[in-house]
Every structure is written in structure tokens, then in C-alpha cells.
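Notes follow the structure.
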Amino acid sequence: MRTLVGLTSSGWTEKARWALDHHRVTYRYQDYVPLIQERWLRKQVAPGVKPSVPLLVDPPQAATHGSFAIAKRAEELGQGSPLFPAAHLDAITAWNDTSEEVLDLARAYAMPRMLTISRAQAEALPKFVPGFLRPLFAPSARLGMRYVVKKHQVADGTPEVIEAKVAPAYDKLRAALGGRPYLLAAGFTYADITTAAMLVLLGPPADRHLPMGPGTREVWTHPGLAARFPDLLAWRDALYDKHRRT
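If you're matching positions, the sequence shown starts at 1 in the UniProt record's numbering and goes up one per residue.
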């Protein structure tokens, strides 16, 4: 069966899942276990391609790598309103580039914090680990986190540095929206999905949309940015309530 491999707390994975669900593409979701599944992951991508998730495995087709490519693949496979209308493709691509940059910064903020908050480490363990054993095995989750930090060359960004780098992108989004429900005249598109994902530093989406433990939510939330952009948080949450149906 078609399988999407990803990390639930990852903005990149969420973008891919949202596009697949929007187009009502049937797939099975599998949480990736860093380090343990790395050898398998390398076998799924072409030589010379850096293995990472999200990854859409759909034999006999070659695996589709990366949220943007998976979203476009979902458009080919599924149904429903287009997320990539041709007249707006350049604008969508530009917003996705902005989202990718912000998500890199969000990871630089969150990953070092994951290494210090034991509750978040316990929540990051594979689902098959029983709840009562999670605190005991939390240190093993740090191994996977350190591997991710090294693999993606994640720099440790202080909250002040992250805020200074991310705020201009959020200001740009605020200005582009101008109080409207969607970024583009075409209505709901991938531009909305990709920018909604980059707002994770305002706090992850509600549990009904993206189940996540309190420790993990704490790790990703940047209080300074959340205080500066409550309007963008309200926009993101309204977008989820209207369009994020699984």
C-alpha cells in the first residue's frame, strides 16, 4: 500500500499529509524512527540524494521525496480543488521557499530544546513503547535527536536570534494576507498550507488536527513570536478548522 513516512511533529511532514488528505489520496502513515531506520531510508532514494522524510513510497513508482514534490504528486493522484493552479505557480513556489527557510530556523530553535526537556524526549519515542516505560527510555530518544541535529547540521539558535530571523517572514505574510482568508486570488492553495506550517513557532496546531504531547508543544513554541503575531495564529487556526480534514 502507498505509505507516507514522516515525523509527526515536523512541519515538512505536515505539509505533505495535508496535501494528500486534501486530495483524498489513500495512504498509510508510518512514523520514522531516526537512526534506526536510516539504512532503509537510504535505499528508498536515488544515489546522491540526501535521505530524509517525508517520503512517499508507492511501488512500483519511485519514491517521492520532500513535501513540495509529494504535494504535487498528490495533485496528480487525487481529486478536489487544485493546490497548484498554473497561474499562481511562481507565487506558490516563492512562498514555499520562505516556508522552507523558516522551518529550518524552527528546527534550529526546537531541536536543542528537545535535548534538554525530558518530557519531550519521552513523547518522541516510537508508539510501541508503553507509556509507563517512556520516562525510562527517554535518554535513548536523545540519541536519535542528536543524529538528526548532526545530519541536518542544525545550528543552536538562541530565542533572540531566531526571533530576529523569523519575524521578517511573518511580517511579510501578515502584509500579504491583509486580513484576507487566503494568500492568493485563486482561494485555498498550497501557498496557504506551506505558510501555515511555518507558523509552528507560534505554537503547533490544536490536538484535534495534529496530536502532540505537551512537552513537544513547549519545545516548538516561541513565546516572543507568539506574542507578536496573534493575528497570524488566529488565521492559521481558522484555516485548519476549515480545510484540515482527515
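Note that CB positions come from ideal geometry on N, CA and C, so glycine has one too.
Open item on the list: Just to confirm, is the Cβ distance from L105 to G66 under 8 angstroms?
Closed with: no
Task: Inter-residue Cα distance where the pair is D237 and A110 - done: 21 angstroms
Task: Minimum C-alpha distance to F188 - residue among A176, S81, A108 - done: Nearest of A176, S81, A108 to F188, Cα basis: S81.
- [ ] Just mark Q61 as buried or exposed, buried being the case when its beta carbon has 16 or more other beta carbons within 10 Å.
- [x] Under this definition Q61 is an exposed residue.
Task: 8 angstroms contact criterion, which V57 and V5 should meet: CB distance rounded - done: 7 angstroms
TODO: To the nearest angstrom, report how far apart A176 and R39 are at their CA atoms.
DONE: 42 angstroms
TODO: Rank V25, A87, H88, T216 by C-alpha distance to the C-alpha of L77 and give the top, closest one.
DONE: V25
Task: Residue closest to D90, alpha-carbon to alpha-carbon, out of Y190, M212, R208 - done: The residue with the shortest Cα to Cα distance from D90 is Y190.
Task: Buried or exposed by the 16-neighbour rule on C-beta atoms within 10 Å, applied to D241 - done: exposed
TODO: Can you tell me which of the three DSSP states R245 falls into?
DONE: coil
TODO: Assign A178 to one of two classes, buried (16 or more other C-beta atoms within 10 Å of its C-beta) or exposed (fewer than that).
DONE: Checking the sequence shown, residue 178 turns out to be Gly, not Ala. Label assigned to G178: exposed.
Open item on the list: At the level of alpha carbons, what is the spacing between R208 and S9?
Closed with: 14 angstroms
Task: Own chain partners of A164 with C-beta closer than 6 angstroms, once the 5 adjacent residues on each side are dropped - done: none
Task: Distance between G215 and P51 (C-alpha atoms, nearest Å) - done: 27 angstroms
Open item on the list: For the ligand PLP, I want to know if T195 counts as a neighbour, meaning its beta carbon is within less than 7 angstroms of at least one of the ligand's heavy atoms.
Closed with: Inclusion of the ligand PLP in the displayed structure is not the case, the ligand content being empty and no account of it being possible.
Open item on the list: Starting from T194, trace the alpha helix (DSSP H) in both directions and tell me its first and last residue.
Closed with: 190-197
Task: C-alpha distance - P223 paired with L183, whole-angstrom precision - done: 25 angstroms
Task: Continuous alpha helix (DSSP H) stretch holding D104: start and end - done: Taken as a continuous stretch (DSSP letters only), the alpha helix (DSSP H) holding D104 covers 89-114.
Open item on the list: Buried or exposed for Q121, going by 16 or more other Cβ atoms inside 10 Å?
Closed with: buried
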